Every structure is written in structure tokens, then in C-alpha cells.
Amino acid sequence: MANRITVNICGEDYTLVAEENTAYMEQVASLVDKKMTEIIAGAKVGRGDAAVLAAVNLADELLKSEQTAENLRRQVKSYLDEAAQAKNEASELKRQLYKAQQQGRK
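Per the numbering used here, the sequence shown starts with residue 260, numbered consecutively.
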């Protein structure tokens, strides 16, 4: 069921409707409000331009985060592959040791 919440972003009320809970939606709105407020204060631009610049900044952060996450996934996969290879090598060495011990007893 969709949740409906009214939030204030840069002095304007917006009604958001989403599946996420209201606390999450408030967090999202707060982030947008913060970004827009920073842009308006720093660049002396209007709300429309601030909204576009905030969207660009947030999209940039999103893409960089996704790239970082993908790099971490690749690194973890590499570590897992190395661990599997080491495990296989250890198993082979144990097998060879057992075989050598059996031959030494003959």
C-alpha cells in the first residue's frame, strides 16, 4: 500500500506518494531540501535552477556510489575466487600428503 506524506522543500509543500515508509520519504525530502538550500545560498539562483542543480549533484553522487559498489563487488568476487582456488590447492596438498604417508608405511 502506498504511503502519502506532505513535505516541505525550499518553502514549498509537496505531497509524495510511495511504497516506502514515511520516515524514509521524509529523509529523501530533507536531503533534497538541504541540497537546494545550499545551492540557493551559495549560487544565488532561483528555485527552478536550484532544483536542476540539486538533481545533477544527486545524480552525480548516485552514479559515483554505484560505480564504487560495482568496484567493491568485483573486488569481493576476486577475493572469493582466490579463496576457492586456495581451498582447492589445500585439498590437493592434503590428498598428496595422505598418499605420501600411505606409501611411506609400505
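Don't be surprised by glycine CBs; every beta carbon is placed ideally from N, CA and C. Quantities reported herein were computed from a predicted structural model and do not represent experimental measurements.
Using a Cβ distance threshold of 9 Å, residue 295 and residue 264 do not count as a contacting pair. In the structure shown, the three-state DSSP call for residue 263 is strand. The DSSP assignment places 271 to 277 as complete runs of the beta strand (DSSP E) inside the stretch 264 to 292, in order along the chain (cut-off: 3 residues). Annotation: the continuous alpha helix (DSSP H) that includes residue 335 extends over 306 to 363. C-alpha of residue 326 to C-alpha of residue 260: approximately 32 Å in a straight line.
With respect to the 9 Å criterion, residue 308 and residue 300 are not classified as neighbours on the basis of their beta carbons. Burial check for residue 310: the Cβ neighbour count within 10 Å reaches 16 or more, so the residue is buried. The beta-carbon separation of residue 262 and residue 279, rounded to 7 Å, stays under the 8 Å limit for a contact.
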